[in-house]
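In my numbering, the protein residues as written are 362 to 892.
Have a look at this one:
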């Protein structure tokens, strides 16, 4: 989120919609969604309308915490208090007046209790701090944005203040960072210098966010109570590097005004297939029943509830302990390669499936349950932390589903990886989606423009932001003859720029930007400077 707008955003944002929604009357409102400066406001008690008043009521604590206000509750006086930017506002349950900086102001509807939560109506405060409010009747979405920010979109699409210009930093195989310690030897100071140098080069190219793989193979780039230190960090799994790489990376990234998104590969355990080679105490070694060997790699079985919970807990450990801007998952759920070797989960299917008639639907439900649970835990813990996923670029081909994309891709996220991105978007279990559209414009089987247009329609009116994943790595591949110039990427960015719903781009991966492969960084810098 744009930090200036975050400061401008008022202490509160609940809205009386007498002018915005006169047609709603006494309609039920448990499906109302509220977007505050690009982020959906999460509440454990749903917003509702007061009959006859058309006043929207919201839990005070969720609103206050989401906007960075200090909130308080006076049990003796049954009074809520918000403090921000020198302002103090108090509301007492059942009192038709509010105290604003010591002055009494009449309310149309007083604060009240519902579901154990104090609900507050705050149209007059929203207006006093310069919030702009819009109502999308068709989608039942209230958008609230700060004064001076972009107007709320008319069709209920997600709103964004600054385009995402991100890059993935892969640590598995030491693709991007750090330099392979098995070849060069481990040196903490050298790792730090490499990271800051990389950030500086990325920022010069126009990058404003990094997605760093902090949990590449069920091991950690941070001190963890659940996972061993990563082998990609020191060369030896379980070896303490003598510093906290994640803390260092977050601080250095934020110093430069860039966003830091913690990237997790949820189910990959190891890129080799022997459990005995894992460090003693590794969770997969302690729970071999959670693990499936597939194509000589070790994978946590998404069908085992205990394994899913462990993965979720290990991600939340980072959410709780670090000042990250987002949690990011990639395209790896059930593994690629079942055309070569089946994923051995028949026993798990027989044991845990109680509802579904086929394994495919059961697998998709396992992934759905994980995504939904992770989203809810993140938002209940730190509402401002973004949660997004970067799936394979094709949900389904239209040959398999008429609502799919008019592509002829060899696989799809729905049918082969059991990742039903449509369900995640529809249910708003993610804040953004960043499909890996790794084909050029004009590709015969899966053209870039065709897929971007499909994803635009898929996310329209949902409040889920759309970023596009770009294949910068193909510029270094001599076999990719259609990628003989960085202009291939620039043309994609120019295509995106004509579509308001595309909120930005993420490039795979950082190494090609840092190396300036085919002058890609120079051209990105020029492109972004001209925007």
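Backbone N, C-alpha and C fix where the C-beta goes; we use that ideal spot for every residue, glycine too.
A quick note: this is a predicted structure, and the numbers were derived from the prediction, not measured.
- Note on geometry: alpha-carbon atoms of residue 830 and residue 885 lie some 15 Å from one another.
- In terms of Cβ geometry, residue 870 and residue 529 form a close pair [threshold 8 Å].
- About 7 Å separates the beta carbons of residue 787 and residue 823, which is inside the 8 Å limit, making them a contact pair.
- Using a 10 angstroms sphere on the CB of residue 764, the tally of other CB atoms stays under 16, which defines it as exposed.
- Boundaries for residue 823: no beta strand (DSSP E) harbours it, and the DSSP string shows neither H nor E there.
- The DSSP-derived three-state label of residue 615 is helix.
- When Cβ pairs closer than 8 Å are counted between the two stretches, the region 639-647 is seen not to touch the region 676-688, the count staying below three.
- One thing to note: residue 888 has its Cβ no nearer than 8 Å to the Cβ of residue 860.
- Nearest Cα to residue 681 within the set 718, 586 and 707: 586.
- For residue 872, the enclosing alpha helix (DSSP H) has its first and last residue at 871-876.
- Burial check for residue 797: the Cβ neighbour count within 10 Å reaches 16 or more, so the residue is buried.
- Residue 541 and residue 556 have their C-alpha atoms roughly 13 Å apart.
- Nearest to residue 774 by C-alpha distance, out of 756, 783, 791 and 760, is 756.
- Within the same chain, and ignoring the five residues on either side of residue 638 in sequence, the residues whose Cβ sits closer than 8 Å to its Cβ are 631.
- Restricting attention to 835, 801, 880 and 838, the CA atom closest to the CA of residue 854 is found in 801.
- Listed in chain order, the non-local C-beta contacts of residue 606 below 6 Å within the same chain comprise 582, local neighbours out to five positions each way being set aside.
- In the structure shown, residue 881 adopts helical secondary structure according to DSSP, grouped into three states.
- For residue 670, the enclosing alpha helix (DSSP H) starts and ends at 666-682.
- In this structure, residue 828 and residue 867 form a Cβ contact; the two beta carbons are roughly 6 Å apart against a cut-off of 8 Å.
- Residue burial is scored here from C-beta neighbours: residue 742 has fewer than 16 other C-beta atoms within 10 angstroms and is therefore classed as exposed.
- In the three-state reduction of the DSSP assignment, residue 851 falls in the helix class.
- Apart from the 5 residues on each side of it in sequence, residue 560 sits with its Cβ closer than 8 Å to the Cβ of 571, 613, 614, 617 and 619 in its chain, given in chain order.
- From the listed residues 779, 715, 673 and 748, the smallest Cα separation to residue 704 is found for 779.
- Rounded to whole angstroms, the separation of the alpha carbons of residue 880 and residue 840 is 18 Å.
- The region 707-787 is shown to contain whole alpha helix (DSSP H) runs of 4 or more residues at 707-713, 720-742, 774-777 and 782-787, in chain order.
- Counting only residues of its own chain and dropping the five nearest sequence neighbours on each side, residue 449 has a CB closer than 7 Å to the CB of 442 and 462.
- The C-alpha of residue 717 lies about 6 Å from the C-alpha of residue 723.
- In the structure shown, residue 844 adopts helical secondary structure according to DSSP, grouped into three states.
- Taking a 10 Å sphere around the C-beta of residue 574, we find 16 or more other C-beta atoms and assign the residue as buried.
- Residue 604 holds the alpha-carbon nearest to the alpha-carbon of residue 552 among 727, 604 and 767.
- Of the other Cβ atoms in all chains shown, fewer than 16 fall within 10 Å of the Cβ of residue 667; this residue is therefore exposed.
- Residue environment analysis places residue 650 among the exposed positions, since fewer than 16 neighbouring C-beta atoms fall within 10 angstroms of its C-beta.
- For the options 785, 525, 526 and 810, the alpha carbon positioned closest to that of residue 820 is the one of 785.
- For the pair residue 660 and residue 696, the Cα-to-Cα distance works out to about 8 Å.
- When C-alpha distances from residue 706 are compared across 727, 469 and 676, the shortest belongs to 727.
- Under the DSSP assignment, residue 866 falls outside any alpha helix (DSSP H), being part of the beta strand (DSSP E) whose first and last residues are 863-868.
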